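Since the structure comes first, as structure tokens, the remarks are kept for the end.
In our numbering, the protein residues as written are 6 to 201.
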């Protein structure tokens, strides 16, 4: 089965592009959503997270993402520890998910940190969704009202530069308000079906 990765910085519109592919019947693996599920539901990982970050990592409702984010966001060592525990489990979850979707001609794996986490190695081709920084910032400030511009700049600083993502991609979808996204996705869908 053909496996396509899709990435792009925060605010580029990865979710919109993935939603269009889903409407075309393509299974989409949302790495962020699945990672949260794996962290909340995998008993071995739960034990490892508690051992690494303490008993407050989980509360009555389950994984306390706010607590965990505060622990790791400004601490590179703890963030690396969290990633070393979670990423291998998410990679295996993707393998299992691909098996569950074996009837599809191709699948998409969406991840903001596709190159940074080496997740691109699990796919055959890569798409980068691109939008200029000023457009991204405007979208994010409207969408993520709980975040300041400084918060968003910190998140963007931790991601691979857009130019590098474009350089490493096989395909680029431009979501920059100068080109229509749907025709770009339809052209890719047609190409992926022929490749599959």
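The beta carbon of each residue, even a glycine, is placed where N, CA and C say it ideally should be. Because the structure is a prediction, the values reported are computed rather than measured.
Which listed residue (the options) has its alpha carbon closest to that of residue i
| i | options | result |
| --- | --- | --- |
| residue 169 | 157, 201, 121 and 53 | 121 |
| residue 59 | 83, 25, 37 and 38 | 83 |
| residue 15 | 140, 191 and 176 | 140 |
| residue 99 | 28, 42 and 173 | 42 |
| residue 12 | 142, 135 and 66 | 135 |
| residue 36 | 154, 96 and 72 | 96 |
| residue 192 | 132, 73, 65 and 146 | 132 |
| residue 79 | 89, 160, 165 and 185 | 160 |
| residue 25 | 187, 200 and 195 | 187 |
| residue 53 | 158, 89, 154 and 196 | 89 |
Element boundaries [beta strand (DSSP E), containing residue i]
| i | result |
| --- | --- |
| residue 17 | Premise fails: residue 17 is in no beta strand (DSSP E) and is neither H nor E. |
| residue 113 | 111-115 |
| residue 119 | Taken as a continuous stretch (DSSP letters only), residue 119 belongs to no beta strand (DSSP E), as it is neither H nor E. |
Residue i - DSSP class collapsed to helix/strand/coil
| i | result |
| --- | --- |
| residue 43 | helix |
| residue 163 | coil |
| residue 133 | strand |
| residue 139 | helix |
| residue 84 | helix |
Proximity below 8 Å, CB of residue i to CB of residue j
| i | j | result |
| --- | --- | --- |
| residue 10 | residue 117 | no |
| residue 142 | residue 165 | no |
- Message: Would the region 24-31 count as touching the region 103-115 if we require 3 or more Cβ pairs under 8 Å?
- Response: yes
- Query: Is the region 15-25 in contact with the region 173-182, if contact means three or more CB pairs nearer than 8 Å?
  - Reply: yes
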